[in-house]
Amino acid sequence: MARFRSEFLRILDERGFIYQCTDPEGLDELFLRERVTAYVGYDCTADSLHVGHLLTIMMLRWLQRTGHRPVALVGGGTTKVGDPSGKDETRRLLSEEEIERNKRGILESLSRFLDFSEGGALLVDNATWLDELRYIPFLREYGRHLTVNRMLGFESVRQRLEREQPLTFLEFNYMVMQAYDFLELARRHGCRLQMGGSDQWGNIVCGIELAHKKDRIRLFGLTCPLLTTASGAKMGKTVKGAVWLDPQKLSPFEYWQFWRNTEDADVGRFLRLFTELPLAEIARLERLEGAEINEAKKVLAFEATRLAHGEAAARRAAEAARALFEGGGGDVAAVPVLEVSRSELVRGIPVVELFTRAGLTRSNGEARRLIRGGGARLDGLRIGDERLLLRPEHFDGRSEIQLSAGRKRHARVRVVEG
RNA sequence: GGAGGGGUGGCCGAGCGGUUAAAGGCACCAGACUGUAAAUCUGGCGGCGUCAGCCUACGCAGGUUCGAAUCCUGCCCCCUCCA
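Each number in the working numbering comes from the position in the first sequence (counting from 1) with 438 added on.
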């Protein structure tokens with residue numbers, strides 16, 4: 439497969455990152471010729487990124503590893519407008535402070551994967567230029583280069599119109615804003631390539647066309663496939679919601695577990711996309727069959743966790759999993775802990791409440807149902823009574839007990855004096 | 001501006017005065033089977049509650065009624081057709 443000659447594109451191609459590319463040959467040449475600056479845009483609506491963002495993060499990472507310059511753009515400007523695509527309930531507008539906090543969170547998530555130190559990756563906020571825009575001058579200068587005819591042809595727009603779903607002028611302008619972002623990055627930072635999910639294709643192309651008409655510069659676009667699991671579900675959900683990259687929001691142990699529970703059919707693909715193992719090694723792992731494929735899943739979990747949370751955390755997660763799932767007392771240090779005071783324990787703590795406090799269930803009612811359904815365990819023994827109170831005798835001299843919701847989700851409860 | 005249709009739980013979508021915490025599907029959780037997989041089958045799936053109950057919910061605000069998601073009034077939003 440001599441499709442690409444440049445290292446970056448070859449890697450992306452071999453690993454399955456490429457869905458569409460505006461001009462593969464031209465881009466390949468560009469990568470052979472110079473140090474390329476490329477960007478990916480991230481929404482600013484949450485304070486952390488999640489696995490749904492991981493594909494593009496990995497692309498930026500490979501970009502940096504192969505000697506080029508990644509730019510992460512956060513949508514501080516566009517977030518102020520509020521994304522209207524979420525149908526009813528006009529979305530709550532975020533305050534400046536919230537946006538600021540979210541930006542910091544996003545940077546923190548990204549910092550695990552990219553080197554933002556001097557001369558490395560760049561973080562930019564489109565508020566920097568979008569805030570300054572004035573309507574009439576903008577329309578006169580840029581609006582004349584964008585035809586509605588052209589924009590109506592884009593898949594995202596066409597689909598809406600065909601299904602007779604409303605498409606507001608505001609949404610329509612998102613494409614324009616993003617097109618302008620690309621141009622602005624090209625001017626400010628010499629950015630030549632925008633990458634994103636396949637749903638971003640129209641927006642990316644729009645930016646390329648704008649830049650060509652306005653500044654006579656040639657930009658490139660590349661999208662990655664929309665990721666679903668082999669059984670067709672969207673990736674990256676757990677009871678707790680999204681699979682966050684921020685360890686505060688989802689512990690490394692739970693992150694490890696997420697990857698460990700990958701479906702058989704996805705293992706090879708995920709290893710290529712979400713780890714940096716050599717392809718030969720992945721091919722070997724992929725060939726494992728039956729129960730042996732679990733080895734491959736552990737490698738996937740370890741490597742993915744290592745990237746997001748560091749090697750030490752990945753080791754602890756792996757060890758805790760060994761202790762929990764394969765018997766033989768390993769170290770369960772990575773399993774999330776809930777602390778309770780001795781005085782509270784002496785009074786007796788409703789076990790349903792503990793499940794909720796430990797984050798294993800979302801409400802006491804859910805914990806009750808879990809117990810009724812036979813999925814709740816205390817130190818491995820099924821809890822039969824939903825009214826059970828946790829008391830000092832359950833600890834039997836130890837400082838910790840273990841709660842489990844189903845086979846896979848565990849938490850420790852530790853007594854502290856007081 | 002005019003006429004009609006509509007806003008139901010995370011999503012889709014029934015219900016159109018009581019027996020409706022609201023059919024059905026998807027998603028999700030648990031149990032069984034396994035390999036911490038998939039498929040399948042079973043159960044669950046608003047909150048609080050030591051279980052007797054209480055509270056909140058069908059766009060928003062009022063009203064009619066013993067009783068409202070269901071009827072009435074006003075408001076907000078969406079869709080279709082006409083101008």
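Cβ atoms here follow ideal geometry from the backbone N, Cα and C, with glycine treated the same way.
Inter-residue CB distance, residue i and residue j (contact presumed, cutoff 8 angstroms)
i, j, result
"residue 706", "residue 724", "4 angstroms"
"residue 785", "residue 853", "With 8 angstroms as the limit, residue 785 and residue 853 do not qualify as a contact, their Cβ atoms being about 13 angstroms apart."
"residue 561", "residue 545", "6 angstroms"
"residue 550", "residue 746", "6 angstroms"
"residue 711", "residue 493", "6 angstroms"
"residue 547", "residue 684", "6 angstroms"
"residue 389", "residue 659", "Within the shown structure, residues of the chain are numbered from 439 to 856, placing residue 389 beyond reach of any answer."
"residue 697", "residue 486", "Rounded, the Cβ-Cβ distance is 17 angstroms, inconsistent with contact."
"residue 624", "residue 649", "6 angstroms"
"residue 407", "residue 589", "It is not possible to answer for residue 407, since the shown part of the chain is limited to 439 through 856."
"residue 442", "residue 466", "5 angstroms"
"residue 765", "residue 758", "Their Cβ separation, rounded to whole angstroms, is 13 angstroms, which puts residue 765 and residue 758 out of contact at 8 angstroms."
"residue 827", "residue 789", "7 angstroms"
Residue i to residue j span [Cα, whole Å]
i, j, result
"residue 737", "residue 607", "47 angstroms"
"residue 782", "residue 799", "21 angstroms"
"residue 580", "residue 652", "7 angstroms"
"residue 611", "residue 775", "47 angstroms"
"residue 458", "residue 662", "7 angstroms"
"residue 824", "residue 690", "30 angstroms"
"residue 522", "residue 569", "Note that residue 522 scores 47 on pLDDT, short of 50, meaning its location in the model is unreliable and no value can be drawn from it."
"residue 701", "residue 811", "25 angstroms"
"residue 456", "residue 803", "45 angstroms"
"residue 773", "residue 617", "45 angstroms"
"residue 565", "residue 516", "7 angstroms"
"residue 463", "residue 845", "50 angstroms"
"residue 641", "residue 444", "26 angstroms"
"residue 468", "residue 591", "29 angstroms"
"residue 460", "residue 693", "35 angstroms"
"residue 882", "residue 646", "Here the chain covers residues 439 to 856 and nothing more, so residue 882 does not appear."
"residue 593", "residue 449", "28 angstroms"
"residue 841", "residue 820", "10 angstroms"
"residue 558", "residue 502", "8 angstroms"
"residue 535", "residue 563", "14 angstroms"
"residue 770", "residue 584", "58 angstroms"
"residue 750", "residue 631", "35 angstroms"
"residue 801", "residue 787", "15 angstroms"
"residue 744", "residue 541", "23 angstroms"
"residue 483", "residue 512", "10 angstroms"
"residue 741", "residue 576", "47 angstroms"
"residue 539", "residue 687", "15 angstroms"
"residue 813", "residue 495", "37 angstroms"
"residue 667", "residue 634", "19 angstroms"
"residue 446", "residue 717", "15 angstroms"
"residue 528", "residue 582", "For residue 528, the predicted model reports a pLDDT of 40, less than 50, meaning its position is unreliable; a value from the coordinates is still stated below. Distance between the alpha carbons of residue 528 and residue 582: 30 angstroms."
"residue 855", "residue 832", "16 angstroms"
"residue 739", "residue 695", "7 angstroms"
"residue 526", "residue 834", "Its pLDDT being 33, under 50, residue 526 is placed unreliably by the model, and the measurement read from it follows with that caveat. If you take the alpha carbons of residue 526 and residue 834, they lie about 54 angstroms apart."
"residue 498", "residue 609", "27 angstroms"
"residue 439", "residue 454", "Residue placement at residue 439 cannot be trusted, given a pLDDT of 44 that sits under 50; the coordinates are not used to answer."
Per DSSP, the bridge partner or partners of residue i
i, result
"residue 848", "842"
"residue 764", "According to DSSP, which records beta bridges pairwise, residue 764 is partnered with nothing at all."
"residue 563", "512"
"residue 788", "827"
"residue 661", "458, 634"
"residue 778", "853"
"residue 819", "816"
"residue 682", "488"
"residue 629", "475"
Check your understanding: Hey, which unbroken runs of the beta strand (DSSP E) at 3 residues or more fall wholly within the segment 465-549?
Key -> 475-480, 507-512
Checklist entry - Are the segment 507-515 and the segment 459-478 touching, with three or more C-beta to C-beta distances below 8 angstroms? => result yes
query = Just checking, does the segment 843-850 make contact with the segment 792-809 on the three C-beta pairs under 8 angstroms criterion?
reply = yes
Complete runs of the beta strand (DSSP E) confined to the segment 683-712 [at least 3 residues]: none
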